[in-house]
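Mind the numbering: the sequence shown is residues -18 to -1, 1 to 292 in mature numbering (1 follows the signal peptide of the UniProt record, and there is no 0), read in order.
Note sheet for the following structure.
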Amino acid sequence: MPNFATLTILLLRQAVFRFVQDELAPKAAEIDATDEFTERRDLWKKMGDLGLHGITVPEEDGGTGGGYLDHCIVMEEVSRASGAIALAYGAHSNLCINQISRNGTAQQKAKYLPKLISGEHIGALAMSETNSGSDVVSMKCKAELKGDYYVLNGSKFWITNGPDADVLVVYAKTDPKAKAQHAISTFLIEKGMEGFTTAQKLNKLGMRGSSTCELVFEDCKVPVSNVMGGLNAGVYVLMSGLDLERLVLSAGPIGPELPPLDGRQGDGGEGSVNTLNFDAEFVETSENYKAPFAQCIVRLDRIGYDTTAT
């Protein structure tokens, strides 16, 4: 992997590696087989104790004040143990917490960030709909102002952490007649709000254990104070966060590729965090495997560089 090996980064990687190998890796196969993770909230609180949820949140808002490289390292190591739980972690820490940290008012941050950062609450972000994915401005979910509340109607689909989320960042149209870039607002939705329900959990082929579902809004009443980032400024909130979301989530696929290479690319020292069972001698002496394996190492290094150097 590229050498972004400051002492802080090395210590972070080592700490997260040891944590997830103890707490998550032994359960990963069962999570995938059953598509259930009953200990999710317990793990979330332990990750909160390590400061992993608020890793990009400034210290004055209760976070650890780290950067996106730190976040990518955590994603790599969590996904090394379980890609599904890493995806759920990314949706919580980056798609939800980071958006509130970047765009929330002082009151919104004070209300929602503490329990999200501690792991007591689980977060999610809801953008996609059944007929609106990359073309987000075509979304149908709408919000109408009625007194001190906005009333949301519509649905969101493929929402990671949807079945478990306590706090959700939700995008909805507030001015259908305006130009696309001025038609959408961002709302902070809480589990239990009147008119908000979750539909059935989706049975996925992959990333099992990362709970996904449809969100349904039927005259859902949301206080005006829960508009985040300004009225009709949702496209800015959304687009300014997408690049950061893509960056952090792109570190997820690197993790599962690391274990087979650890023995080949380990630090070489006894007690290295990369010391795993791997027959490096077999690969190095087998002409059939040497070239393809070397190509894998080069490709993974390039992917890691592109991700962490962005």
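Glycine included, each C-beta is placed from N, C-alpha and C at the ideal position.
Which same chain residues, not among the five before or five after residue i, have their C-beta less than 7 Å away from its C-beta?
i, result
"A147", "I104, G105, A106, K173"
"Y50", "T38, L226, L229, V230"
"Q3", "A63"
"V30", "This sequence places Gly at residue 30; Val is not what is there. Contacts found: I99, S100, G101."
"T179", "V198"
Express the C-alpha separation of residue j and residue i in angstroms, rounding to a whole number.
i, j, result
"A66", "M189", "4 Å"
"S83", "E12", "34 Å"
"M(-18)", "I236", "Residue placement at M(-18) is flagged as unreliable, the pLDDT there being 43, under the threshold of 50; the coordinate-derived value follows with that caveat. The straight-line gap from Cα to Cα measures roughly 10 Å."
"D52", "I(-10)", "7 Å"
"F1", "G33", "12 Å"
"residue 296", "Q90", "With the chain represented from -18 up to 292, any question about residue 296 goes unanswered, as that position is not in the structure."
"S116", "P145", "23 Å"
"T168", "I79", "14 Å"
"R(-6)", "A68", "14 Å"
"G45", "A92", "12 Å"
"G86", "G211", "6 Å"
"L197", "T(-13)", "42 Å"
"S75", "S64", "16 Å"
"V56", "D17", "23 Å"
"A125", "N135", "6 Å"
"K138", "F199", "9 Å"
"M175", "T112", "23 Å"
"P8", "L25", "13 Å"
"S100", "E59", "20 Å"
"K21", "G177", "The sequence given here places Glu at residue 21; Lys does not occur at that position. For E21 and G177, the distance between alpha carbons rounds to 28 Å."
"S61", "P238", "6 Å"
"L6", "L127", "44 Å"
"A108", "I141", "6 Å"
"V151", "L(-8)", "32 Å"
"Q182", "S192", "14 Å"
"I171", "V(-3)", "30 Å"
"L240", "S114", "34 Å"
"M121", "L187", "26 Å"
"Y71", "C123", "26 Å"
"S222", "G36", "19 Å"
"A88", "D43", "9 Å"
Using a Cβ-Cβ cut-off of 6 Å (strictly less than) and excluding sequence neighbours within five positions of residue i, which residues of its own chain qualify?
i, result
"K97", "H103"
"A162", "V119"
"I166", "Y153, K155, G216, V217"
"P94", "Note that residue 94 is Tyr in the sequence shown, not Pro. For Y94, where only same-chain residues beyond five positions count, the Cβ hits under 6 Å are I82, V149."
"E41", "G47"
"A73", "A106, T142, N143"
"L77", "L107, E227"
"F19", "I13, G191"
Since residue i is in the alpha helix (DSSP H), which residue starts that stretch and which ends it?
i, result
"G30", "22 to 31"
"E12", "10 to 16"
"Q(-5)", "-12 to 5"
First and last residue of the beta strand (DSSP E) that includes residue i?
i, result
"D172", "It should be pointed out that residue 172 corresponds to Glu in this sequence rather than to Asp. Unbroken beta strand (DSSP E) run through E172: 166 to 172."
"F139", "131 to 142"
"V152", "149 to 155"
"residue 295", "Residue coverage of the chain in this structure runs from -18 to 292, which leaves residue 295 outside it and unanswerable."
"K183", "178 to 183"
Can you list, in chain order, the residues of its chain with a C-beta nearer than 8 Å to that of residue i? Leave out the 5 residues immediately preceding and following it.
i, result
"N214", "T156, D157, A160, H164, A165, I166, S167"
"L220", "M109, V118, Y153, I166, T168"
Where are the beta strand (DSSP E) runs, 3 residues long or more, that stay fully inside the region 185 to 244, in chain order?
194 to 205
Would you be able to state if there are at least three C-beta pairs under 8 Å between the region 117 to 136 and the region 199 to 216?
yes
Scan the region 33 to 112 and note each continuous beta strand (DSSP E) run of 3 residues or more that stays entirely inside, going in chain order.
105 to 108
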